[in-house]
Structures are given as structure tokens and as C-alpha cells.
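Following: one structure in C-alpha cells, then a few remarks.
There are 4 protein chains.
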Amino acid sequence: MIRGLSKSGLGSITDEQLIAKAAEYGFGVVDIDAKALVEKHGEQGAAKLLSDHHVTLGSIGLNVEWRGTDEQFREGLKQLPLHAAAAAQLGCTACCTYILPSTDYKSALFTALAVARLRLIADILDAYGIRFALEFVGPHHLRTAWANPFIWTVEETLALISAINRPNVGLLVDAYHCHTTGFTPEHLRGLRPEQVVHVHINDARDLPVAELLDNDRLYPGEGIIDLKGFLAALADIGYKGPVVQEILTRTAPEETPDELLSRSKAGFDKVFA
Amino acid sequence: MIRGLSKSGLGSITDEQLIAKAAEYGFGVVDIDAKALVEKHGEQGAAKLLSDHHVTLGSIGLNVEWRGTDEQFREGLKQLPLHAAAAAQLGCTACCTYILPSTDYKSALFTALAVARLRLIADILDAYGIRFALEFVGPHHLRTAWANPFIWTVEETLALISAINRPNVGLLVDAYHCHTTGFTPEHLRGLRPEQVVHVHINDARDLPVAELLDNDRLYPGEGIIDLKGFLAALADIGYKGPVVQEILTRTAPEETPDELLSRSKAGFDKVFA
Amino acid sequence: MIRGLSKSGLGSITDEQLIAKAAEYGFGVVDIDAKALVEKHGEQGAAKLLSDHHVTLGSIGLNVEWRGTDEQFREGLKQLPLHAAAAAQLGCTACCTYILPSTDYKSALFTALAVARLRLIADILDAYGIRFALEFVGPHHLRTAWANPFIWTVEETLALISAINRPNVGLLVDAYHCHTTGFTPEHLRGLRPEQVVHVHINDARDLPVAELLDNDRLYPGEGIIDLKGFLAALADIGYKGPVVQEILTRTAPEETPDELLSRSKAGFDKVFA
Amino acid sequence: MIRGLSKSGLGSITDEQLIAKAAEYGFGVVDIDAKALVEKHGEQGAAKLLSDHHVTLGSIGLNVEWRGTDEQFREGLKQLPLHAAAAAQLGCTACCTYILPSTDYKSALFTALAVARLRLIADILDAYGIRFALEFVGPHHLRTAWANPFIWTVEETLALISAINRPNVGLLVDAYHCHTTGFTPEHLRGLRPEQVVHVHINDARDLPVAELLDNDRLYPGEGIIDLKGFLAALADIGYKGPVVQEILTRTAPEETPDELLSRSKAGFDKVFA
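Protein chains in written order, with my numbering: chain S, 1095 to 1367; chain D, 1095 to 1367; chain H, 1095 to 1367; chain B, 1095 to 1367.
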């Protein structure tokens, strides 16, 4: 497994700083916007920036809004091949999206729309050699944040993936969402490695699971999630990809990036030990 | 369009009687179990029975329970190719299933399962040249008959069909379900002919739509549905297939088959006029 | 059916002239580049230009090179949603590509690539409500123009469409290619209307079929193809879409556009009579 | 990886003997007909027979003839769910078929048919939790045994799998076919583990590759294939499934099953060392 960083939890930091700091603090992977990087530095410049720091691109975020209207979906599609092409140019093979656990659409109708839209996204990504990671989202308060329940468990997400029925679609496994849906390391061992496309790591406060907020996460090793067990299970099933820090917080952190990165490094050292 | 009969509404009647009576009362199509007919009469015997009466097979019912457990689904699949092969041997090109508007599964999970299962059924049918008709079910009481809402409008059913994404899947348009979901002849004109795989005809009591029961239907022409408008809309879009009577009633009818068939014929004569 | 014009066979003519002349000579449809038109006139301007002349957009050509390398395919994909979106904005619901009957790839490998690539194109088009028309290409000399045979008959093209397995994919039926593959009006009657997404009309010299060149076509009514039978068969199966003139010639025509349009109109009047 | 046996190469031997002998000679897997075993012993009896010998079922062969006519294909489909269900009952998760490298169909048409048919087979198997292994076939003489070339390389087979586009389809990697197509251990290392659904092991005479016959194979370790390298590469990519002996010979072997099994065991011991 490869330690990775996203910008979430590192305050105000540019792509170039993230790449440099990742290298400095022992991370091998960053999750950033490939298209923006290529547009700024050119394809060769962007590739060189990464390789000079011995850092690779772990995943890109999905640019397409698939949860809204047909118009929004179509609008996002226009740019998707450009994002996928930029990612492929930089050797990135994963694209991530998250699944909100409730929706203002009727649940069944929304599921039908989601299957059709996510399938097309998967197919376009596949043309560029990119896999598609679906992130189930666990915090309980989001299950009623919109009018009707959608899906949030791994079992449901795998059923959605079966309905999508494409070889390049799998899970984004986030430690916080595992914790808030009761998906234990033991459950993790029931997955096949190719079902795990990407991994997020973070930690949770010592509160009842039902009270944990989505945007109130802790740095790895600073909370009560069994992250050693989480990582051991991923290793056991043969997962060898990125494990990327993602810390959503209610307010921007006040420390400097270096202070935050030191915390991140310490946390990774602790849970990867 | 071709006038057709099913057993629903004709009391106790055998396949052989239905075929003979259909011919006698001016119907060109029957909906019966192709596999049972072939098993009883042999392929050639069954084909001859139909052709001797100048009657063709409009559709078969789906033998697979796709609304329950994986085990039930797999059990049904075992016989599906046999049903499809028998239908194909008799020149039948449609298979029908209905969609109950609520479910004890979580709505989103059930939709994902439904997409995957109905898609496989469609693919198996397609190997035998058979199209798959999905019947939306309108009566309001069924929307809360199980724990969670599923789908019942044409718009939702078309979204499900898009999620299934197979060329041989379309609608079963039933006059009673159109009536109870507010799907008017004007709406019907918005469909393309290939979206309509099969048609059921029947009539409704003069009650508020929300009070109409699924198993309390009337014979065509005996109720208040605008069946002339219904048929005119189907003709306008270019539908040329079977229009099959299906009368679900709370108790078995007390008349003789001939009395019932006379009513059916009179009803068809009236609304097809 | 709606009479239509493409630029092929009309010499040097702009989109704006084509639209104006189509109206003037009694054509209801033009096949032009929707994206270019929208980029030049804006969405509303382009739509107004068409509606002012009571002309609609019959189809757009496919911008993606799917017959070459992965790189070429991926490059073309980048622009495809933009083309599809522009077409949808102008109410166009068809996109066309042609299938060369031989290839420098090994035939089986090329077919596997073609299925995967054409399927993705179809799916992207479908997100914008656009159907995908595959044009089989009949002239015999092209069957050996590249190293290995690919497909050229309707039967083979339908098998390819079955392998693609998407509801929005069908045939582009071109009179010249029907003539050069022996696909008669009688054969045409065996198709369902939704299998015909678009139609090209043109005519052939009185030569043995095997000698006819792809780029040596005549105007409708000036050759020996039974175009009345062709159109009658299309009408019989219920085809109601555009019938667009496409005349490929070895050298650019020397007449003025008006002279050519007069010939076209005369030809259409003759064969549509 | 788990050592496995098929009947190919062991002379006349019953399923029950194969199971018992597999256990006796240190093999953990057998490839036999699950449906036949269940029909003979009942589901529980068959499962007990296997578990009593600490042997599992590695794969079943495909019962469907997908290389011939539509009628043959449809006939085979009728039994496929029964085979898949029996395999699932015994815990078997793989089904195998081989791809002959030439065909009497036109290559492109045959590829289109193969994509559609293999996809449906894959989908039916998937409903029972079974993956589908496609075996590319290398011996050169078979490339011209029928009228037109089909596919035989891994690259081509992966292109076919991409065209099929289902998550449960992958390769059957057979040492003999790797040898005869120049697919080296180094190439093997380029595959992902989930792309390898099943493995066959056997050996080749010391002849020019182009002269090797399909039905003239040797026991593992008795020929010139670098089987240690083959197995090392499979281990390196993370393949953990069965490695099943398959020895096709021109005449039935003359030794007793025990003599043949001793040779097999010795061969496996040598190449697995």
C-alpha cells in the first residue's frame, strides 16, 4: 500500500506544494486535479513535476454531477473525457465519486438514474484505462439530510455496482465510512482486492457512531477507529494501492501546512506500524 | 392491432378451449403458457392447434420470481430458457412481467437488484428472439401494500428500462394502470411504437381513481375508461401488436365461458369501433 | 418520410446556403455539422436559422475515428459530447458513421475493437437523446482495399449491432449500398422501423454491380436503382424519418448549386412520386 | 495456488476415482462435471464426497456450443443454468471454454456472434456467482484448420473480453498455449490477478513451436516449457487459484491411473519446487 495525501485537511495548499510536501513527508501518492495540472504545466511538465518528487497521482475526483438533473449530467459529461485523458497522461488509473445516502428524488427513480449515469461515466473512464471508485458515505445525519433514503452500506453499494455491471467499477473504502456503517476489518476481509479501487484514511471522535458528523473527522491515529486492523485487512486481501488521507473539518485548520503534515506523518507512522 | 384473450376474466377454461373460443369469437391472439402447450401437444401439435384456429400466441408470462431472494431468482432462471424456447417454437415474441409498486426491500437496494435481474432475463429472452414487456401497476392501494415505495408511473418505468439498457425491453401498457396513474391517450402519443411491447385492455368502475382496486376490474366497454381514445393513441403511434383482455376480479365470474366471451366480444366491438 | 439534403453532391456550398436552398427546393431536412453551426450562430441563432427556413437537422456525422489506434479513438472522444450536445440543442436525434468493408487490422481483433468503441460512442450519444446509425458500405472494390475483409452486408451489420447491444443503435440504409450488396426492397421489408435510423438516397450507373465505384454515384432518378421500390419498402415498414441525398463523385460537380438542386429536386419528385 | 487434476491425461477414470486419487496424490482441486456429480449423488452427497477427500471443485466445462448455429447455441442454453446451479451448490466458481483459432464463419461475423453469445453465457454464470474463463488456443496447425482465422493471442483474447465487457470474464491460462503463442512469464507478469480465472498446466516436446500439435502434450516437467517461470509469474501477480493438469494426447495412455498419477505428482513436485 502506498501512503497518500489529498488537500482535505491540509489547509490552503497549492498542487505544487502538495506534491513537494508529499515527497518531503514520505508520501508516495497525491490526489489532485490532473486536468488542472496539465493545463498549467503542460503534459510533460506535469509528468516531470510528479516524477521529480517521486510522487504518483492516486486518483482524480469526478467532475460530473450525476445526482441532479439531466442537464447537469450532460453538462458535466462534456468535460469528462478531458479529465480522463489528462489523468491517463499522468499515469493515474482511478477516478472517485461519493454517494450521498439520501436524495430528494424518489429512491427507486434515483437508483435507476444513478445506474444509467454511473455506468456511462464508468465506460468513458474505461476508454482511458481508468477505474471508477464509488464511495459509500456513512454518517447517520446524512441519511435524512434529503427527503428519501438512498444507499450507504457496502452491501448496497455492491448491489449498485452489480447493477452497473462494468469491470472497472469498485469501492472507495474510507475508514470513517466503514466506522459509521459498522463495516469492520473482518468484513473487509470478505472483499476481493479488485473490488477496492481506492482507500481513504482518517479517524473518528470517541462518540456514539450515530452522532459522528461527516465534516468532523480526525487525523489518522488521533481517534478511536482501529486503523491498524483496517490496514491489516486491506493488506490481507492483497490491496496494494494508495491509502490517501482525507480529513473533512467544520473549519479550516489553523496550523501551518508543515505542522499539519507532521501530524499526518506521525499518524500514518503510528497506524502503518 | 390484434384482438386478444387471456384466461383472466374467463373463469375456468383450458388452453385448448381458449384457443377454440378465441377463434370463434373473433380474437386473433391468445396469451397462454407456451411450454405447457408444447409439453402437452408436442411442438408440431401445439403449432397446428394454433394455426388450425388461425390464432397466434401473443405473449407468455414470465416464470421467474425476480422480486424475492437470490435463491428464488436462480431457481426460476433454470426454467426460463425452456419457456423461451417453447415460445419461440410457437412464433411468440413477447414475455410479460408486472412490477408491484411497493416492496419490503429498501427501495434503492431493490431497484439495483431489479435492474440486474430484469436485465439478465431480457438477455436470455433475446437469445430466443423474444421481447420483454414490463407492466407498471397503478392501483393506489398497492403503493403501500409493502413497506417501501417502488415505481408505478410510465416515467419511472422508462427510467428503469433505461437502466436495464437492452433493445428488447419495453412497456406492457394496461388500460387500467394507465387510468390509475393518470397516463392519458395524449401521454401515450409521446411513446415510440417499439416502446410498447404488449397491451392489456380492461375497464374501471366509476369511482375516484385512488379507490380503484387492482382485482376489481370491468370488461372493456363496461366502465368509464376512454378505451376508444386509448386505442386511437396506440394506432396513432403505429402500434400493431396484440391488445389482450385481462380482467382481474375478486371472485371468479359465475357466467359460462360463452356468456363471458360474448361480453368480451361486445366490449371489443364497442371500443374498437 | 422527409426529403433531405447533405452537402455531398452540391459542390461548394455553405451551411447557411444549404439551409436556405433546402427550403427553396422543398427539402425539410439538412445533414450538417451541428457543433459548427452553434459555434458560429449561437444556440438560439442556429435554432432560429433552421426554424426560419422550416428545416430541421436530420443527422450529424460522427467526429470520432473508431477505425484506427486507441489514441485516435480517445482523441475523438474528447469532442464527442460537445457534438452530441450541439445536435441535441438543435433537436437532432441521429448521428451517422460508415463501416469500411476491409481493414488493415486482423478481422477478428478489429471486430472486437469496433464493438467496444462503437458501444461507447452509442452510450455517449444516448445521454443526449441521439441515436446512432451504422452505414454498411457495399462497393466491391473496397472489400479488398485494405488487408482483411470486415463486414458489408445488412446481416453482418445487424450481427455487429447485436454485439453492440444498445437500444439506440441501428442502420443507415443507403440506396447505393443496398444495390451493391443485393439488399432488395423485399429484404428491406424484413426490417423493423426502429432498426432504420437514417436513410441516404442516390443512384447507380448501369454497370455490373461488382464494377460500381463508391465515389461514382448518380443523382436520384438518373440511374438504374429501383428507388421507387426502395422508398415504398421504407414506407411499408413504417419508416418516417429523413431520406437524405448523398452523391459521392470523383470530381466536384461543375454546375452551380442551383443547377444541382434542380436536378436533385427533379430526381426526388420522380422517385417519390 | 492449488494443485489440480482433470481427467485429461489420466486414462479411463471415474469422477469418484478422480476425487479419491486427487486426495491420495496431494491435489486439492478437481475439474469435473458438477451437474453429473450432483445428479448421481445428490447435492449433499456430492458435497460430502468432495469434503471427505478435502478436495474442491476447480471449474466446470461449458456445456454450450457457442461456435455453431443459433439453434445449437439455444439448445445449449437450456441446460446452462442447471450446470451453473450445480456448480454453485458445490462451491465451484469457474466455468471454462476454449476458443478455436479458426472458424468456417467469416471472421468478423463470427466475432460479433461470439461477443453476443459469450456475453450471455457470462451473465447467466454470474447469476450463480461463477466466473467465466476463456482459453486461447495456441497450436499453429489449428489456425488454418478451418477456413478463416479467428483469435489466438492473449492480446486478442483480452480485446474479445473487453468487447464482452463483463466483470466475471477472464483468461484461462494454459502453459501449452502460452508456449505456442510466445506468451512468456514476463508477459504473464503484465496481467492483473483477477484477469486469470483458471490455469492449465502441461508440457511440450522439444520441437519448433510451429510444429507442436494440440493433442500431443506432455506431463508437467517432462518437456521443455519453463513451468517454474510460469508458476513464479502467476505467484508474483497474486494468482491463488487452481493449477490443473490437462494432457491431451493422440492415443489414450497405456499406464494405469496410479502410474499416471505418480508421474503427475512427480511433475508437479518438480515444477512447484
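Ideal Cβ placement from N, Cα and C applies to all residues, glycine included.
For this session: Could you spell out where the beta strand (DSSP E) holding Gly1264 of chain D opens and where it closes?
Result: In the second sequence, residue 1264 of chain D corresponds to position 170, counting from 1. For Gly1264 of chain D, the enclosing beta strand (DSSP E) covers residues 1263-1268.
For this session: Below 8 Å CB to CB, which residues in the same chain sit around Arg1357 of chain H once its five sequence neighbours on both sides are set aside?
Result: Here residue 1357 of chain H refers to the residue found at position 263 when the third sequence is read from its first residue. Closer than 8 Å at Cβ, skipping near neighbours: Tyr1313, Glu1316, Glu1349.
Exercise. Counting contacts by CB-CB distance shorter than 8 Å, is Pro1261 of chain B in contact with chain D?
Worked result: Numbered from its first residue, the fourth sequence carries residue 1261 of chain B at position 167. Chain D contact via Cβ: absent.
For this session: Spell out whether any CB of chain B is found under 8 Å from the CB atom of Ser1201 of chain H.
Result: Within the third sequence, the letter at position 107 stands for residue 1201 of chain H. Yes, Ser1201 of chain H counts as interfacial toward chain B.
Exercise. According to DSSP, is Pro1047 of chain S helix, strand or coil?
Worked result: Nothing in the structure corresponds to residue 1047 of chain S, since chain S is present only between 1095 and 1367.
For this session: Flag this pair as yes or no: are the beta carbons of Tyr1333 of chain B and Val1263 of chain B separated by less than 8 Å?
Result: Here residue 1333 of chain B refers to the residue found at position 239 of the fourth sequence. Here residue 1263 of chain B refers to the residue found at position 169 of the fourth sequence. At least 8 Å separates the beta-carbon of Tyr1333 of chain B from that of Val1263 of chain B.
Exercise. So Ile1096 of chain H packs on Gly1335 of chain H, CB below 8 Å; how close in whole Å?
Worked result: Against the third sequence, residue 1096 of chain H aligns to sequence position 2. Against the third sequence, residue 1335 of chain H aligns to sequence position 241. Contact between Ile1096 of chain H and Gly1335 of chain H holds: their C-beta atoms lie close to 7 Å from each other, under 8 Å.
Exercise. From His1235 of chain B to Tyr1199 of chain H, what distance separates their C-alpha atoms?
Worked result: In the fourth sequence, residue 1235 of chain B corresponds to position 141, counting from 1. In the third sequence, residue 1199 of chain H corresponds to position 105, counting from 1. Rounded to the nearest whole angstrom, the CA to CA distance from His1235 of chain B to Tyr1199 of chain H is 22 Å.
For this session: Quick one: residues in its chain with C-beta nearer than 8 Å to the C-beta of Gln1183 of chain D, no 5 flanking neighbours on either side, listed in chain order?
Result: Locating residue 1183 of chain D in the second sequence gives position 89, counting from the first residue. Cβ neighbours of Gln1183 of chain D beyond the five flanking positions: Ala1128, Val1132, Glu1137, Ala1140, Ala1141.
For this session: Closer than 8 Å by beta-carbon distance: list the chain E residues that pair up with Ile1255 of chain D, in chain order.
Result: Of the chains in the structure shown, none is chain E; the protein chains are S, D, H and B.
For this session: Return the Cβ separation of Cys1190 of chain H and Leu1156 of chain H in integer angstroms, given the expectation that the two are a contact with Cβ distance under 8 Å.
Result: Sequence index remark: in the third sequence, residue 1190 of chain H carries index 96 (1-based). Sequence index remark: in the third sequence, residue 1156 of chain H carries index 62 (1-based). Sure, about 6 Å apart at Cβ, within 8 Å.
Problem set entry | Nearest candidate by alpha-carbon position, reference Lys1115 of chain S, set S:Leu1212, S:Lys1364, S:Ala1178, S:Leu1355 | As a first step, residue 1115 of chain S must be located in the first sequence, where it is residue number 21. Of the listed residues, the one whose Cα sits closest to Lys1115 of chain S is S:Leu1355.
Exercise. Whole-angstrom Cβ separation of Thr1197 of chain H and Trp1240 of chain H, contact assumed at under 8 Å?
Worked result: Here residue 1197 of chain H refers to the residue found at position 103 when the third sequence is read from its first residue. Here residue 1240 of chain H refers to the residue found at position 146 when the third sequence is read from its first residue. Contact check for Thr1197 of chain H and Trp1240 of chain H: beta-carbon distance about 5 Å, within the 8 Å limit, so the pair qualifies.
Exercise. Comparing the CB of Ser1196 of chain S with every heavy atom of the ligand ADP, is any distance shorter than 7 Å?
Worked result: The model depicted lacks the ligand ADP and carries no ligand whatsoever.
Exercise. To the nearest whole angstrom, what separates the beta carbons of Gln1426 of chain S and Asn1296 of chain S, a pair I think is in contact under 8 Å?
Worked result: Given that chain S is displayed from residue 1095 to residue 1367, the structure contains no residue 1426 of chain S and the question cannot be resolved.
For this session: State yes or no: is the C-beta of Ala1202 of chain D within less than 8 Å of the C-beta of Glu1250 of chain S?
Result: Working through the second sequence from its first residue, we reach residue 1202 of chain D at position 108. Working through the first sequence from its first residue, we reach residue 1250 of chain S at position 156. In this structure, Glu1250 of chain S lies closer than 8 Å to Ala1202 of chain D by Cβ.
For this session: Measure the C-alpha to C-alpha separation of His1273 of chain D and Leu1266 of chain D and round it to an integer number of angstroms.
Result: For this step, residue 1273 of chain D is matched to residue 179 along the second sequence. For this step, residue 1266 of chain D is matched to residue 172 along the second sequence. Rounded to whole angstroms, the separation of the alpha carbons of Leu1266 of chain D and His1273 of chain D is 14 Å.
Problem set entry | Cβ separation of Phe1230 of chain B and Ala1216 of chain B, assumed to be a contact under 8 Å, to the nearest whole Å | What you label residue 1230 of chain B is simply residue 136 of the fourth sequence in a count that begins at 1. What you label residue 1216 of chain B is simply residue 122 of the fourth sequence in a count that begins at 1. The Cβ separation is near 16 Å, so there is no contact.
Exercise. In or out: Val1365 of chain S buried (at least 16 other Cβ within 10 Å) or exposed?
Worked result: For the purposes of this step, residue 1365 of chain S is taken as the residue at position 271 of the first sequence. Under this definition Val1365 of chain S is a buried residue.
Exercise. With distances taken between CB atoms, is the gap from His1292 of chain S to Ser1153 of chain S smaller than 8 Å?
Worked result: Position 198 of the first sequence, counting from 1, holds the residue named residue 1292 of chain S. Position 59 of the first sequence, counting from 1, holds the residue named residue 1153 of chain S. The criterion of a C-beta distance shorter than 8 Å is satisfied by His1292 of chain S and Ser1153 of chain S.
For this session: Taking Ala1206 of chain H as part of the alpha helix (DSSP H), name the residues at either end of that continuous run.
Result: Within the third sequence, the letter at position 112 stands for residue 1206 of chain H. That run of the alpha helix (DSSP H) goes 1201-1221.
Problem set entry | Glu1316 of chain S, DSSP secondary structure in three states | Numbered from 1 along the first sequence, position 222 holds the residue referred to as residue 1316 of chain S. In the three-state reduction of the DSSP assignment, Glu1316 of chain S falls in the coil class.
Problem set entry | Within 9 Å of chain D by C-beta, residues of the region 1207-1218 of chain B in sequence order | Shown in chain order are the members of the region 1207-1218 of chain B whose Cβ falls below 9 Å from a Cβ of chain D: Ala1210, Arg1211, Arg1213, Leu1214, Asp1217, Ile1218.
For this session: Would you mind telling me which residues of chain H sit closer than 8 Å to Glu1249 of chain D, beta carbon to beta carbon, in chain order?
Result: As a first step, residue 1249 of chain D is located in the second sequence; it is residue number 155 there, counting from the start. Annotation: Glu1249 of chain D has no Cβ neighbours in chain H at a cutoff of 8 Å; minimum Cβ distance is about 15 Å.
Problem set entry | Classification of Arg1161 of chain H by the beta-carbon crowding that lies within 10 angstroms, buried from 16 upward | Position 67 of the third sequence, counted from the start, is the residue given in the question as residue 1161 of chain H. With 16 or more neighbouring CB atoms inside 10 Å of its own CB, Arg1161 of chain H falls in the buried class.
Problem set entry | Interface partners of Ala1221 of chain B on chain D, CB under 9 Å | Looking up residue 1221 of chain B in the fourth sequence gives position 127. For the C-beta of Ala1221 of chain B, the chain D residues within less than 9 Å are, from N- to C-terminus, Asp1164, Phe1167, Arg1168, Leu1171, Ala1210, Arg1211, Leu1214.
Exercise. Taking buried to mean at least 16 other C-beta atoms within 10 Å of its own C-beta, is Val1303 of chain H buried or exposed?
Worked result: Here the question's residue 1303 of chain H lines up with position 209 in the third sequence. By the neighbour-count rule (16 or more Cβ atoms within 10 Å), Val1303 of chain H is not buried but exposed.
Exercise. According to DSSP, what are the bridge partners of Pro1336 of chain S?
Worked result: Residue mapping note: residue 1336 of chain S aligns to position 242 of the first sequence, counting from 1. Answer is S:Ile1096.
Problem set entry | Alpha carbon of Ala1117 of chain H to alpha carbon of Arg1168 of chain H, nearest angstrom | Position 23 of the third sequence holds residue 1117 of chain H. Position 74 of the third sequence holds residue 1168 of chain H. Answer to the nearest angstrom: the Cα atoms are 38 Å apart.
Exercise. If you count every other CB in all the chains shown that lies within 10 Å of the CB of Ile1318 of chain D, and 16 or more means buried, which is it?
Worked result: Walking along the second sequence from the start, residue 1318 of chain D turns up at place 224. When all chains shown are included, Ile1318 of chain D counts as exposed.
Exercise. Taking DSSP as the reference, what is the three-state secondary structure of His1148 of chain H?
Worked result: Position 54 of the third sequence, counted from the first residue, corresponds to residue 1148 of chain H. It is coil, neither helix nor strand.
Problem set entry | Near-chain H residues of the region 1313-1337 of chain D (beta-carbon distance less than 7 Å), N- to C-terminal order | With the criterion set as a beta carbon lying under 7 Å from some beta carbon of chain H, the members of the region 1313-1337 of chain D are Gly1332, in sequence order.
Exercise. At least one CB of chain H closer than 8 Å to the CB of Ala1179 of chain S: is that the case?
Worked result: Here residue 1179 of chain S corresponds to residue number 85 of the first sequence, with the count starting at 1. It does: the Cβ of Ala1179 of chain S has a partner Cβ on chain H nearer than 8 Å.
Problem set entry | Sheet register partners of Arg1225 of chain H (DSSP bridge) | Position 131 of the third sequence, counting from 1, holds the residue named residue 1225 of chain H. Among the bridge pairs identified by DSSP, Arg1225 of chain H is matched with H:Ala1188.
Exercise. Under three-state DSSP, which class holds Ile1054 of chain H?
Worked result: The question about residue 1054 of chain H has no answer, for chain H in this structure spans 1095 to 1367.
Exercise. Leu1104 of chain S and Phe1121 of chain S look like a contact to me (Cβ under 8 Å); what is the Cβ gap, rounded to whole Å?
Worked result: Indexing the first sequence from 1 puts residue 1104 of chain S at position 10. Indexing the first sequence from 1 puts residue 1121 of chain S at position 27. With 8 Å as the limit, Leu1104 of chain S and Phe1121 of chain S do not qualify as a contact, their Cβ atoms being about 11 Å apart.
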